[in-house]
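Asks: There's a structure below that I have some questions on.
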Amino acid sequence: MKKFFSILGISLFAFILAVFSLSNQPNVQESITFFPIDPNVKFKAIDTSLNLNHGSTVVWRIKSTLDRKAYLRQDAGFLYANGKLMGELHGWKQNTESLLQEKQIKTENSTHFEAITFHHAELHQNGQIFSSQAMSPAQLYVIISSNQAPFSFRFPKTKEQSDWKQKLDEQTERMLNFSWNKGLRHFSIDLSKYQKYPLYLFDSQTKIGFPGFTKGETDRIVGNLWEGLYKNYLLGIKKADGTTVSPIGSTMPLILLANDKTHLLVLTETANGEPILLRQMIEGID
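The structure is reproduced here in structure tokens:
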């Protein structure tokens, strides 16, 4: 009988251990996690592209290649149409260096498309975990007019293109400023205490650097931001009442970086007009 209980105890322990191990396996599909940056690991190529294909169909492509195989490769991207989220792409793969994703988008009206992608790699080395990260943007103006075939441009080269760019830019800027100001009032945010950056411009600003922040601090801010965006925006916007809604149709987030380096805010608005504020503490920065 003692032998029976001994065997039963060992079997039960093994079963519990197996269940515990399985339950603690990271859900690589559902998260991006920031780890210390390995300066020796680089992306050989990163690219986000937008191209007008047949008629009014836009091909949105994301691709990236690391200089070595990684334990986990992830790319996550957002596509905005006149300032509102039209689509998202997120993919992952283990033990690889490259990723490629593509989606076709149909548009019926003249649109300024803006895409931003976060490229991420998780590397396991000698019992430690490191990461490598990068961002890549893309933009495309697609013009749909009744008196001519659809056409596109990235930067205007003719007066007609310049006029269309100005019209679409003003329309988008007006909508976003109205939305952001609505959110600032709703949450009583003192804008003088923050540096402010629309998400699409975050990549270019990180290359310059945030005033008052070192390169290492900037890397941490970017990594933590995308970790939060992935969990609380891309996979669904978590509202104050605990419910989750799709991010599609939401406004481009305004990133507010606190001057005192303690936190950042992500301000957006759902498709039905509800202001949303995500708050993220900044750790490991003096």
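Under my numbering, the first residue of the sequence shown is numbered 118, with each subsequent residue one higher.
Ideal Cβ positions, reconstructed from N, Cα and C, are used throughout, including at glycine.
Remember, it's a predicted structure, so these values are computed and weren't measured experimentally.
#1: Report all residues from its chain with a CB closer than 6 Å to the CB of T182; omit the five preceding and five following residues, and keep chain order.
#2: Excluding the five sequence neighbours on either side, which residues of its own chain have a C-beta within less than 8 Å of the C-beta of K299, listed in chain order?
#3: To which residues of the same chain is M252 closer than 6 Å at the C-beta, ignoring the five residues directly before and after it?
#4: Can you tell which of E231, Q322, K313 has the C-alpha that lies nearest to the C-alpha of N376?
#5: What are the start and end residues of each continuous alpha helix (DSSP H) run of 4 or more residues lying completely inside the region 319-362, in chain order?
#6: Using only the alpha-carbon positions, how far apart do G366 and P254 sit?
#7: What residues are listed by DSSP as bridge partners for I261?
#8: For I149, which residues of its own chain have a beta-carbon under 7 Å away from its beta-carbon, when the five flanking residues on both sides are left out?
#9: How should H229 be labelled, buried or exposed, when 16 other C-beta atoms within 10 angstroms of its C-beta is the threshold for buried?
#10: Taking the continuous alpha helix (DSSP H) assigned at K310, which residues delimit it?
#11: So who's on the other strand from A251, going by DSSP bridges?
#12: Among G333, L384, N341, whose alpha-carbon lies nearest the alpha-carbon of K355?
#13: Would you list, in sequence order, the uninterrupted beta strand (DSSP E) runs of no fewer than 3 residues that lie entirely inside the region 150-219?
#14: From which residue to which residue does the alpha helix (DSSP H) around M292 run?
#15: Sorted by chain position, which residues of the same chain lie with C-beta nearer than 7 Å to T368's C-beta, five sequence neighbours on each side aside?
#16: Residues in the same chain with beta-carbon distance under 7 Å from S166, minus the five sequence neighbours each way, listed in chain order, please.
#17: Just to confirm the assignment, what range does the beta strand (DSSP E) spanning P392 have?
#18: Compute the Euclidean distance between the alpha carbons of S262 and A357, then round it to the nearest angstrom.
#19: Which stretch, first to last residue, makes up the beta strand (DSSP E) that contains A375?
#20: Rounded to a whole number of angstroms, what is the C-alpha to C-alpha distance between D280 and L206?
#21: Have a look at the DSSP bridge pairing and note the partners of E386.
#22: Check whether the Cβ atoms of V175 and I222 sit closer than 8 Å, and answer yes or no.
#23: DSSP puts E231 in a beta bridge; with which residues?
#24: Roughly how many angstroms separate the alpha carbons of H241 and Y188, rounded to a whole number?
#25: Check this for me: beta carbons of I246 and N341, under 8 Å apart or not?
#26: Excluding sequence positions up to five away, which residues of its chain have a Cβ less than 6 Å from the Cβ of V339?
#27: Check each candidate in T335, Q211, I372 and name the one with the smallest Cα separation from I325.
#28: Suppose contacts are defined by Cβ-Cβ distances below 8 Å. Is L308 in contact with P370 by that definition?
Replies: With the structure as the only source:
#1: So the list reads K161, A162, E214, S215, once near-sequence residues are dropped.
#2: Same-chain partners within the cutoff: E386, P392.
#3: Here the set comprises F235, D320.
#4: In this structure, K313 is the residue among E231, Q322, K313 with its C-alpha nearest to the C-alpha of N376.
#5: Counting only unbroken stretches of 4 or more residues, the alpha helix (DSSP H) elements lying wholly within the region 319-362 are 319-325, 332-346, in sequence order.
#6: Rounded to the nearest angstrom, the two C-alpha atoms are 19 Å apart.
#7: Partner(s): none; I261 has no beta bridge.
#8: Once the five neighbours on either side are set aside, the close Cβ partners of I149 are Q191, A193, H237, W343, E344, Y347.
#9: Label assigned to H229: buried.
#10: Per DSSP, K310 is not a residue of any alpha helix (DSSP H), being assigned neither H nor E.
#11: A251 pairs with H236.
#12: The candidate whose alpha carbon is nearest that of K355 is L384.
#13: Taking 3 residues as the minimum length, the beta strand (DSSP E) runs contained wholly in the region 150-219 are 160-169, 174-198, in order along the chain.
#14: Looking at the DSSP string, the run of the alpha helix (DSSP H) that includes M292 is 276-303.
#15: Hits under 7 Å: G200, K201, L293, S296, T385, E386.
#16: Same-chain partners within the cutoff: R178, A255.
#17: 392-398 is the span of the beta strand (DSSP E), which, as asked, contains P392.
#18: The straight-line gap from Cα to Cα measures roughly 42 Å.
#19: Following the DSSP letters along the chain, one finds A375 inside the beta strand (DSSP E) bounded by residues 371-375.
#20: Looking at the two C-alpha atoms, the distance is approximately 31 Å.
#21: The secondary-structure analysis by DSSP pairs E386 across a beta bridge with P392.
#22: Yes, the Cβ-Cβ distance between V175 and I222 is below 8 Å.
#23: Under the DSSP definition of a beta bridge, E231 partners with Y197, Q256.
#24: Straight-line Cα distance between these residues: approximately 6 Å.
#25: No. Outside cutoff.
#26: Closer than 6 Å at Cβ, skipping near neighbours: T323.
#27: I325 has its Cα closest to that of T335, out of T335, Q211, I372.
#28: P370 sits away from L308, with the two beta carbons spaced by 8 Å or more.
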